[in-house]
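Chains as they are written, first to last, in the numbering used here: chain C, 1143 to 1279; chain R, 1143 to 1279. Glycine included, each C-beta is placed from N, C-alpha and C at the ideal position.
There are 2 protein chains.
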Amino acid sequence: MYSIGDLSRRTGVKIPTIRYYEQMGLIEAPERSEGNQRRYEKRELERLAFIRHARDLGLSIEAIRDLLALSEHPERPCGEADRIANEHLAAVREKIARLRKLEGELERIVARDGDHKIGDCYVIRALADHSMCESEH
Amino acid sequence: MYSIGDLSRRTGVKIPTIRYYEQMGLIEAPERSEGNQRRYEKRELERLAFIRHARDLGLSIEAIRDLLALSEHPERPCGEADRIANEHLAAVREKIARLRKLEGELERIVARDGDHKIGDCYVIRALADHSMCESEH
DNA sequence: GTAAAATACTCTAGCGACTATAGATATGAG
DNA sequence: CTCATATCTATAGTCGCTAGAGTATTTTAC
Chain C
1143 MYSIGDLSRR
1153 TGVKIPTIRY
1163 YEQMGLIEAP
1173 ERSEGNQRRY
1183 EKRELERLAF
1193 IRHARDLGLS
1203 IEAIRDLLAL
1213 SEHPERPCGE
1223 ADRIANEHLA
1233 AVREKIARLR
1243 KLEGELERIV
1253 ARDGDHKIGD
1263 CYVIRALADH
1273 SMCESEH
Chain R
1143 MYSIGDLSRR
1153 TGVKIPTIRY
1163 YEQMGLIEAP
1173 ERSEGNQRRY
1183 EKRELERLAF
1193 IRHARDLGLS
1203 IEAIRDLLAL
1213 SEHPERPCGE
1223 ADRIANEHLA
1233 AVREKIARLR
1243 KLEGELERIV
1253 ARDGDHKIGD
1263 CYVIRALADH
1273 SMCESEH
């Protein structure tokens, strides 16, 4: 039996976050002690570790809910789980691509600034004038 | 004189977002028509374009407020604007680095899944067991 | 056995940067 | 003048937590 604090220490998920996941239906409401405190079994520990890992990988609460539901039906085909993971991978790749463009713009802006006055500041001018950009964004 | 809709069409910033920027103090409260509707000058159009551009580049409202304040004092040295741009560049680079790691993990997870049942699904198992990961995250 | 310290409880509000809705009013074209 | 479209304010919702207040319980030390 673990208290919410034990669970938090062992999974690295903060206490209010655990309660939040309960509210969101990612984990079931656990048993309570006589004094109304949450008491967890090992099962919940593993489930929470799964959630933590998936969140670290950037999956949404929604996606995690789906994956958890799937994992409770081991006899069904796993194409759906694949689909969720693949979709997420695509989203991550797109984010990277967009950030690389921004990186490029910012590099150009930063690179050429010397030691002069605002009125003549490349940072300010570059931000004000979109047409100075090299790529679309 | 532009209506808020004109401004929106010309800058690509949605109408409620323009009003939100006004609330946040990024743009001044404009004149009003007899019937209390917002009427903008060209100045506001340019300012909004600046804001839009900076947001696209991922700058926070806070940072943009700073830059706008700076741009209103052209006599001051521009080291401050430089600093903001540089800080932001560092943040973007860090974001990219983290996403690349996630991409790697997700690729590994997705790659090896064939056509089988949830009970034997790599996606699910990999998420449940952090030790299957190659790098820290 | 009791007091103090640590932990947990619920409830509410806040973050950032919007987005959506409802219900009322204004504007512009025909 | 009518009617469609545009705009107004105010409020609440989004996501995924996080923080705080005020109260209650559990654990530890003596």
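Asked	Found
What are the complete beta strand (DSSP E) segments, minimum 3 residues, inside the region 1180-1216 of chain R?	none
Return yes when the Cβ of residue 1180/R is within less than 8 Å of the Cβ of residue 1174/R, no when it is not.	yes
Does the Cβ-Cβ distance between residue 1209/R and residue 1249/C come in under 8 Å?	no
Which chain C residues are close to residue 1155/R, counting only those with a beta carbon under 9 Å from its beta carbon?	Result: empty, since nearest Cβ-Cβ is about 13 Å, beyond 9 Å.
Can you find the residues in the same chain that come closer than 8 Å, C-beta to C-beta, to residue 1155/R, ignoring five residues on each side of it along the sequence?	1149, 1163, 1190, 1193 and 1194
Under 7 Å between beta-carbons, which chain C residues line up against residue 1169/R? List them in chain order, please.	Result: empty, since nearest Cβ-Cβ is about 14 Å, beyond 7 Å.
Could you name the residues of chain C that residue 1237/R contacts, counting a contact when the two beta carbons are closer than 7 Å?	1241
List the residues that DSSP assigns as beta-bridge partners of residue 1225/R.	For residue 1225/R, which the question treats as bridged, DSSP gives no partner whatsoever.
Could one say the Cβ of residue 1249/R lies closer than 8 Å to chain C's Cβ atoms, at least one of them?	yes
What does a CB cutoff of less than 7 Å around residue 1203/R pick up in its chain, not counting 5 residues either side in sequence?	1166 and 1168
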